[in-house]
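Engineer: In the numbering used here, the protein residues as written are 29 to 173. No residue lacks a Cβ here, since even glycine has one placed at the ideal position from N, Cα and C.
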Amino acid sequence: MSLAYSYPKSRFEPAVLVDLNSRAERERLSRSALLGFFKLAGAWNVRDDDARELLGGLSSSSYYDWKKNPDRVLEVDRITRISYLLGIYKALHILYGDKLADEWVHLPNTNIIFGGRTPLAYMQAGGVIAMQTVRKLLDARRGGL
């Protein structure tokens with residue numbers, strides 16, 4: 029008699045995780061991640077200084093170079109940040125109309141997570157963990173969790 033657990037058959041197929049430690053995967057994702065980020069920053073009307081902070085404190089010269097030439101390989105941290113931000117963008121556009129979805133990051137928020145700050149200020153101050161928290165909040169609101 030086997031004591032090993034077995035799971036019932038299901039049609040659910042777990043998504044294969046992307047190994048961001050693999051340079052080849054980062055090469056594959058970096059250009060589209062940057063292009064998506066710059067479009068998101070434009071849609072949200074994020075100032076360049078704020079966008080640089082969302083990317084983890086990028087220098088002005090690097091930021092403008094990246095905007096001009098997005099063909100580069102990003103580090104794991106930067107791809108992760110952009111992934112969270114794009115997920116936040118998507119969730120906002122599912123939850124709200126386009127105008128509110130794009131203004132939401134600039135509006136003071138009474139949710140206890142934000143403490144009256146704007147989501148943008150919260151994410152800038154808290155970095156990746158704050159972005160993850162905002163993403164989870166919005167995914168939960170739309171029923172994604």
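1) Pair every Cβ in the segment 146–156 with every Cβ in the segment 74–93, then say whether three or more of these pairs are closer than 8 Å.
2) Quick check for students: name the residue ranges of the alpha helix (DSSP H) that lie wholly in the segment 114–144, counting only runs of 4 or more.
3) Rounding to the nearest angstrom, what Cα-Cα distance links P98 and R39 in this structure?
4) State the DSSP-derived secondary structure class of T108, mapped to helix, strand or coil.
5) Is it right to say N137 is buried, meaning 16 or more other beta carbons lie within 10 angstroms of its own, or is it exposed?
6) CA-CA distance, H121 and R51?
7) Using the three-state DSSP reduction, which class does W94 fall into: helix, strand or coil?
8) Going by other Cβ atoms of all chains shown within 10 Å of its Cβ, with 16 needed for buried, is Y112 buried or exposed?
Structural biologist: So, to answer that:
1) Yes, the segment 146–156 touches the segment 74–93.
2) Scanning the segment 114–144 from its first residue to its last, the whole alpha helix (DSSP H) runs of 4-plus residues come out as 126–131.
3) In the sequence shown, counting from the first residue as 1, residue 98 sits at position 70. In the sequence shown, counting from the first residue as 1, residue 39 sits at position 11. Distance from the CA of P98 to the CA of R39, rounded to the nearest whole angstrom, comes to 39 Å.
4) Taking the first residue of the sequence shown as position 1, residue 108 is located at position 80. It is helical.
5) Mapped onto the sequence shown, residue 137 falls at position 109. The residue in question, N137, is buried, as its Cβ has 16 or more Cβ neighbours within 10 Å.
6) Position 93 of the sequence shown, counted from the start, is the residue given in the question as residue 121. Position 23 of the sequence shown, counted from the start, is the residue given in the question as residue 51. Distance between H121 and R51, taken at the CA atoms: about 31 Å.
7) Translated into positions along the sequence shown, residue 94 becomes position 66. In the structure shown, W94 sits in a helix (DSSP, three-state: H, G or I).
8) For this step, residue 112 is matched to residue 84 along the sequence shown. Taking every protein chain shown into account, the CB of Y112 has 16 or more other CB atoms within 10 angstroms, so this residue is buried.
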